[in-house]
Amino acid sequence: MPSKVEKWKDEVYGNEIREHLMEFAEQGWDAIPEDEHDAWFERFKWWGLYHQRSGQESYFMMRIGTPNGVIKPGQLEVIGEIAKEYATGPVDNPEFGEAYCDWTTRQSIQLHWIKLEDIPEIFEKLEAVGLGTQQACGDSWRNIVGCPVAGKDKHEHVDAWPVAEDLHETFKGNDDYSNLPRKWKVAIAGCDEGCGQGDINDLAFEPAEKDGELGFNVRIGGGLSRKEPRLARDIDVWVPPEQAADVAHGMSSLFRDYGDREDRFNARIKFLMDEWGPEKMRSVLQEEYVDFELPTAGEDMRDQYSYNTGSQDGHNDHVGIHEQKDGNYYVGLNVLVGRMGADDVLELAELADEYGSGEVRLTQRQNIIVTDVPEENLDEFTSEPLLENYSPDPSPFMRGSIACTGTEYCSLSIVETKNRQVRYARWLKDNVELPEDHKDFHIHLSGCTASCAQPQIADVSLRGMKTRKDGEPVEALDIGLGGGLGDDPRFADWVEMRVPADEVPGAIKNLVNNFEDAREDGETFRDFVEDRDEETLAEMVEPEETDYHDPYMHNTKMTWYPYAEDDDMQSSPAPTDGSGEPLPSDD
Amino acid sequence: MTTDVHQLDDGAWISVNDSREVNVSDLWLLARSDFCGCETTDFLAEGFVKVGVDYPDIQARIAGQCIACGESGVTDWLTVGRVVDPDSGEFYGVVHESVHFPEKRTRLARPEE
Numbered sequence: 001m002p003s004k005v006e007k008w009k010d011e012v013y014g015n016e017i018r019e020h021l022m023e024f025a026e027q028g029w030d031a032i033p034e035d036e037h038d039a040w041f042e043r044f045k046w047w048g049l050y051h052q053r054s055g056q057e058s059y060f061m062m063r064i065g066t067p068n069g070v071i072k073p074g075q076l077e078v079i080g081e082i083a084k085e086y087a088t089g090p091v092d093n094p095e096f097g098e099a100y101c102d103w104t105t106r107q108s109i110q111l112h113w114i115k116l117e118d119i120p121e122i123f124e125k126l127e128a129v130g131l132g133t134q135q136a137c138g139d140s141w142r143n144i145v146g147c148p149v150a151g152k153d154k155h156e157h158v159d160a161w162p163v164a165e166d167l168h169e170t171f172k173g174n175d176d177y178s179n180l181p182r183k184w185k186v187a188i189a190g191c192d193e194g195c196g197q198g199d200i201n202d203l204a205f206e207p208a209e210k211d212g213e214l215g216f217n218v219r220i221g222g223g224l225s226r227k228e229p230r231l232a233r234d235i236d237v238w239v240p241p242e243q244a245a246d247v248a249h250g251m252s253s254l255f256r257d258y259g260d261r262e263d264r265f266n267a268r269i270k271f272l273m274d275e276w277g278p279e280k281m282r283s284v285l286q287e288e289y290v291d292f293e294l295p296t297a298g299e300d301m302r303d304q305y306s307y308n309t310g311s312q313d314g315h316n317d318h319v320g321i322h323e324q325k326d327g328n329y330y331v332g333l334n335v336l337v338g339r340m341g342a343d344d345v346l347e348l349a350e351l352a353d354e355y356g357s358g359e360v361r362l363t364q365r366q367n368i369i370v371t372d373v374p375e376e377n378l379d380e381f382t383s384e385p386l387l388e389n390y391s392p393d394p395s396p397f398m399r400g401s402i403a404c405t406g407t408e409y410c411s412l413s414i415v416e417t418k419n420r421q422v423r424y425a426r427w428l429k430d431n432v433e434l435p436e437d438h439k440d441f442h443i444h445l446s447g448c449t450a451s452c453a454q455p456q457i458a459d460v461s462l463r464g465m466k467t468r469k470d471g472e473p474v475e476a477l478d479i480g481l482g483g484g485l486g487d488d489p490r491f492a493d494w495v496e497m498r499v500p501a502d503e504v505p506g507a508i509k510n511l512v513n514n515f516e517d518a519r520e521d522g523e524t525f526r527d528f529v530e531d532r533d534e535e536t537l538a539e540m541v542e543p544e545e546t547d548y549h550d551p552y553m554h555n556t557k558m559t560w561y562p563y564a565e566d567d568d569m570q571s572s573p574a575p576t577d578g579s580g581e582p583l584p585s586d587d
Numbered sequence: 001m002t003t004d005v006h007q008l009d010d011g012a013w014i015s016v017n018d019s020r021e022v023n024v025s026d027l028w029l030l031a032r033s034d035f036c037g038c039e040t041t042d043f044l045a046e047g048f049v050k051v052g053v054d055y056p057d058i059q060a061r062i063a064g065q066c067i068a069c070g071e072s073g074v075t076d077w078l079t080v081g082r083v084v085d086p087d088s089g090e091f092y093g094v095v096h097e098s099v100h101f102p103e104k105r106t107r108l109a110r111p112e113e
């Protein structure tokens, strides 16, 4: 029997949701019939709107999809202005102030505290500069990810940007693919560094050569969620760039038709891949969904991949100053946990205009890149005061930090994440010395098993948990080690479970010290972990209280907003009307 | 009126008559349960896997783990609250910190529509 969500989708889904959304926005929050809340909030996701968690009713997270993370000249200013004008809540965040943008691990943008009544104005402003929220969430083609410097990168073999743009144009708003069984995540990259992270996507196009021609090999069925991480599997198919869309049509049609619509927990294509295996996947694609003979896989470039590999060699991220193939430079700026204040966003938009082309790009490591900076502008640009906080040369603990949204806004999360990871990174920077040859050390904090911070592919993986300390429940983290992508991708081993959150920095400090003492010359952290069993590794992680202070040890999910002075759920002002005034309660 | 119950957002919460009523991340004490070897399971709710109505009880099977011993899995059916008067639809949640007794069903809850 189809799930309830499928029934709602059968009634209204896809493009047509917008008309209803606009009507509700016009009439105000109360216009959504109370007995239809769940159905409408499920549908609104398709237009990039996610109803915030319990205690924050009537407020939405808005996600703006920017394919490949490309933010064209003129767009960043509009994003900053929208954040400043509309993304302000009843209480400021103590680390980030009253308005901010989140750069996500899928090269998208998230704004919080968006009110239903403001959506038409926001859509108008976004669409005026070619941005949009369509299919940013929901059961559809999500934002396409890829190498954020596609078209500019010296390591590029195929320019994947026009292909990504074509896929975006083809599949956004396309009624044939607007109602899939579940989300559909696509990655495409043409460089030899692996920064598309195709291994953790539903459909991945990776650069490969076949008979002297450059194109893409195809992998299917990657994903990290629900304690069921999978690496995408090679289906032995190569496509030239001009046929990538045909294969994408075929694969997303196959998913639409064969994906599980009865059990949403089993709906992602990784589970169909479990069931079928890559050979059947390929043969069904060939026989039922494409009308040309699929070439077998070409020679890939995976042995050169460096991105998020822990190799300490080549690009593990895009932070820093790098020459483009046109002789200009791109400057990758570190944005700690991906969150940037709206005023800073506006200032960066000005700087990107002044020193570069005005274009910026988002990375899958929650950072931002200013592109097209002529060599003669580099010194002046990198001397700008703003870059003290968004450095192109940060501490490894700052540049390696990724955190998901967490209990601040998210229904699923078990623990507070972003502000905690900010505090972790600062403490680690001040108190822990990595070996000289380790410039990259990735710590990913995810609030739950949904794995939005991609914890399984980090040097140190942190996942939200609870434990008891002195008998009282406290926020805690599971600690995993040694994950990373590359030619030989590997998920982290979870070695120490339910560590009270205030003992995690001490645990990482002890781990790093033990690594330094026991490693062989030149041994990377990732290799070090791979060579040891879980028991040995667990002994190296020694959780310990230090002078690190964690203000979020209590159950932040039980609050209406963890940073409010009076954070009791009953003190929430939500739901509010269009001007932010509390609406009368039914009770 | 019929009591409308479902789990949403990847099992993050249980909706009862279009109102968010039970969330993940709470600790539940489970007794007389074969979930793990602990006398009382100190259970962290990480996701609602199935929900149902066994009038007047609203029940769920919850994925999670015992934070004392680390055993993880899915509970048997747990009563998470009650809708005593289906006409009013008002939901009364149980106190999750109290002791609960998961039960194996001998009959099916009303299936999700």
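As given, the protein sequences belong to chains A and B, one line each in that order.
Numbering of the first sequence is given in UniProt numbering, commencing with residue 1 and proceeding in unit increments.
Numbering of the second sequence is given in UniProt numbering, commencing with residue 1 and proceeding in unit increments.
Quick reminder that beta carbons are idealized off the backbone N, C-alpha and C, glycines included.
Source: prediction; values computed, not measured.
Outcome for residue i when other beta-carbon atoms lying within 10 angstroms are tallied against a minimum of 16
| i | result |
| --- | --- |
| Gly61(A) | It should be noted that the sequence gives Met, not Gly, for residue 61(A). Buried, by the Cβ-count rule. |
| Ala31(A) | exposed |
| Tyr561(A) | buried |
| Pro94(A) | exposed |
| Gln456(A) | buried |
| Pro33(A) | exposed |
| Gly47(B) | buried |
| His438(A) | buried |
Endpoints, the alpha helix (DSSP H) within which residue i is located
| i | result |
| --- | --- |
| Asp236(A) | Here Asp236(A) belongs to no alpha helix (DSSP H); instead the beta strand (DSSP E) covers Arg233 to Val239. |
| Pro120(A) | Ile119 to Ala128 |
| Arg43(A) | His37 to Phe44 |
| Gly506(A) | Val504 to Ala518 |
| Asp102(A) | Counting along the chain, Asp102(A) falls outside any alpha helix (DSSP H), though it belongs to the beta strand (DSSP E) covering Tyr100 to Trp103. |
| Ile269(A) | Ile269 to Val284 |
Nearest-angstrom Cα separation, counted from residue j out to residue i
| i | j | result |
| --- | --- | --- |
| Val84(B) | Asn17(B) | 13 Å |
| Pro111(B) | Leu27(B) | Unreliable placement is indicated for Pro111(B), whose pLDDT of 47 sits below 50; the coordinate value is still reported in the next sentence. Their Cα atoms are separated by approximately 26 Å. |
| Lys50(B) | Trp13(B) | 11 Å |
| Thr41(B) | Ala31(B) | 6 Å |
| Ala25(A) | Ala208(A) | 47 Å |
| Ser25(B) | Gln65(B) | 11 Å |
| Gly97(A) | Gly341(A) | 7 Å |
| Asp587(A) | Leu116(A) | Any answer about Asp587(A) is weak, because its pLDDT of 48 lies below 50 and its placement is not dependable; what the coordinates show is given next. Whole-angstrom Cα-Cα distance: 23 Å. |
| Pro500(A) | Pro551(A) | 12 Å |
| Gln286(A) | His444(A) | 38 Å |
| Ile200(A) | Arg106(A) | 11 Å |
Per-residue contacts from residue i into chain A (C-beta, under 9 Å)
| i | result |
| --- | --- |
| His96(B) | Residues of chain A passing the Cβ test: none, with the nearest at roughly 11 Å. |
| Gly70(B) | Met497 and Arg498 |
| Trp13(B) | Arg53, Ser54, Ser411 and Leu412 |
Neighbour list for residue i in chain B, Cβ cutoff strictly below 7 Å
| i | result |
| --- | --- |
| Asp470(A) | None at all; the shortest Cβ gap to chain B is about 14 Å. |
| His37(A) | Asp18 |
| Lys557(A) | Asn23 and Ser25 |
| Glu11(A) | Those within 7 Å of Glu11(A) in chain B number zero; the least Cβ separation is about 13 Å. |
| Glu34(A) | Asp18 |
Beta carbon of residue i nearer than 8 Å to that of residue j
| i | j | result |
| --- | --- | --- |
| Glu77(A) | Ala349(A) | yes |
| Asp488(A) | Gln312(A) | no |
| Gly196(A) | Val145(A) | yes |
| Ile414(A) | Gly464(A) | yes |
| Ser3(A) | Glu262(A) | yes |
| Asp470(A) | Gly482(A) | no |
| Ile58(B) | Phe101(B) | no |
| Tyr355(A) | Glu323(A) | no |
| Gly447(A) | Thr467(A) | no |
| Arg361(A) | Val70(A) | yes |
| Phe163(A) | Pro67(A) | Strictly speaking, residue 163(A) in this sequence is Val, with Phe absent from that position. Going by C-beta atoms, Val163(A) is not nearer than 8 Å to Pro67(A). |
Endpoints, the beta strand (DSSP E) within which residue i is located
| i | result |
| --- | --- |
| Met465(A) | Val460 to Lys469 |
| Glu242(A) | Taken as a continuous stretch (DSSP letters only), Glu242(A) belongs to no beta strand (DSSP E), as it is neither H nor E. |
| Gly215(A) | Glu213 to Ile220 |
| Phe43(B) | Thr40 to Asp54 |
| Asn23(B) | Ser19 to Asn23 |
| Lys210(A) | Leu203 to Lys210 |
Contact list for residue i against chain A, beta-carbon separation under 8 Å
| i | result |
| --- | --- |
| Val6(B) | The question names Val, but residue 6(B) is His in the sequence shown. What His6(B) touches in chain A: Lys4 and Asp38. |
| Leu44(B) | Ile414, Met465 and Lys466 |
Under 8 Å by beta carbon: chain B residues contacting residue i
| i | result |
| --- | --- |
| Thr449(A) | Glu46 and Gly47 |
CB contact check: residue i to chain C, cutoff 8 Å
| i | result |
| --- | --- |
| Asp85(B) | Here the protein chains are A and B, and chain C is not one of them. |
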